[in-house]
Structure formats: structure tokens, C-alpha cells
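Heads up: the sequence shown is residues 2 to 157, going by our numbering. Quick reminder that beta carbons are idealized off the backbone N, C-alpha and C, glycines included.
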Amino acid sequence: MKVPALSGNSELNFKRNIQFKDIFDLDEIQKLQDIFSEANQVASIISHPDGTPITKQSNFCKLCLMVIKKTENGGENCMKADSAFCAKGANGLSIGNCINSGLTNAVTRILVGGQHVANWVIGQVRTEQIDPQQIYQYADRLGIEREEFIKAWTEI
């Protein structure tokens, strides 16, 4: 991992607009993220403050990757939902259900010297609180066969 230079008074000497990649080796972070995701059976990704990805997706479920995001509206809905969800993490940790799939996710900010440089998002966890009618309605809106959607959903 990259180590930031220290100033004479031992405080981190940060420049304005520092980026996550300026501090961390992305290949090493990706390896850690992959190991964490596999060990904890959750999806994981690190994103810019606006929700756009920095790392590659780790352990994302078939429902999100192969069913929802393969549709034009599904992919667009996911980008909007990710951005909105990352904004919820502005005050620290936020836990909630994806507005599209109903799966539970969590996001927290990564701060460096008080500056928001990234978000860590984990989740795609199925809970009993998900309303089956919500799932059917979303599948219908995206034009996805209900059987395909439910099959992928139950594999989570």
C-alpha cells in the first residue's frame, strides 16, 4: 500500500482533492475486498463519493449482475440507486434496502484528513422483510420474466 508522506509535525500532509487511488494501491485493495466479500458472503465495492465505482465488483449476486443490470432500465436504475444510497452515507454508516431489488446494503464514507475520498458499499443480502409483490412488480417494469427474476433472487 502507498504510504502518505508525513510533515515535520507528524501530521499527514494532504493536498486538496486527494483521491483514494493517491493513497491506496488499487490492486491490493481489490484483493482485500475480494477476500472480505468471499469470507463474509456479501457483495462489496468501493466507489467515488458520487457512487461511481473505483474497484471492481466483488461477489455480486446473479440477480443484480445477470438479470437486472442486463436490461437498459435496470442498469440505469442501479446507477441512480447507488448514487442516492452513497449520498445517504454522508453522516457515517447507512443501512437500507435497495430501491430496485429490495436487497439490504450498507455504505460508509472513507475519510482522509476529513476529506470524503470514497465510499465502501457492502450488501446484496436477502432478508425476510422483502415484499414478494415488490419483486414481481419490479420484474414486470423491467420486462424480465418473473420466473427468471425469482430464481436469481432465491439463490441469494
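Helix, strand or coil: how does DSSP classify residue i here?
| i | result |
| --- | --- |
| E146 | coil |
| G52 | coil |
| Q116 | strand |
| S102 | coil |
| I123 | strand |
| I46 | strand |
Can you give me the start and stop residues for the alpha helix (DSSP H) that residue i sits inside?
| i | result |
| --- | --- |
| D97 | Looking at the sequence provided, one finds Gly at residue 97 rather than Asp. Taken as a continuous stretch (DSSP letters only), G97 belongs to no alpha helix (DSSP H), being part of the beta strand (DSSP E) at 95-98. |
| I36 | 27-41 |
| S84 | 73-89 |
| D23 | 21-24 |
On a CA-only basis, which of the options is nearest residue i? Give me that one, please.
| i | options | result |
| --- | --- | --- |
| A82 | I69, N92, G93 | I69 |
| K71 | R127, S84, A140 | A140 |
| H117 | I47, A40, Q130 | I47 |
| A153 | V43, G114, M67 | M67 |
| K57 | E146, Q134, E29 | E29 |
Which same chain residues, not among the five before or five after residue i, have their C-beta less than 6 Å away from its C-beta?
| i | result |
| --- | --- |
| S59 | Q34, D35, S38, S45 |
Following the continuous beta strand (DSSP E) through residue i, name the residue where it begins and the one where it ends.
| i | result |
| --- | --- |
| L112 | 105-113 |
Below 7 Å CB to CB, which residues in the same chain sit around residue i once its five sequence neighbours on both sides are set aside?
| i | result |
| --- | --- |
| N74 | L143 |
| G124 | V43, A44, L104, T105, N106, A107 |
| N78 | N101 |
| I19 | V113, Q116, V118 |
| T128 | T105 |
| K63 | A153, E156 |
In chain order, what residues of the same chain lie with their CB nearer than 8 Å to the CB of residue i, ignoring the 5 residues before and after it?
| i | result |
| --- | --- |
| N120 | I47, S48, H49, P50, G52, C87, G90, V108, T109, R110, I111 |
| Q135 | G103 |
| V126 | V43, L104, T105, N106, I157 |
So is the beta-carbon of residue i under 7 Å away from any non-hydrogen atom of the ligand NAD?
| i | result |
| --- | --- |
| E148 | As for the ligand NAD, it is missing from this structure, which has no ligand bound. |
Check whether the stretch 108-117 touches the stretch 86-100, taking contact to mean three or more Cβ pairs, one atom from each stretch, closer than 8 Å.
yes
Below 8 Å, can you find three or more Cβ-Cβ pairs linking the stretch 74-89 to the stretch 41-59?
yes
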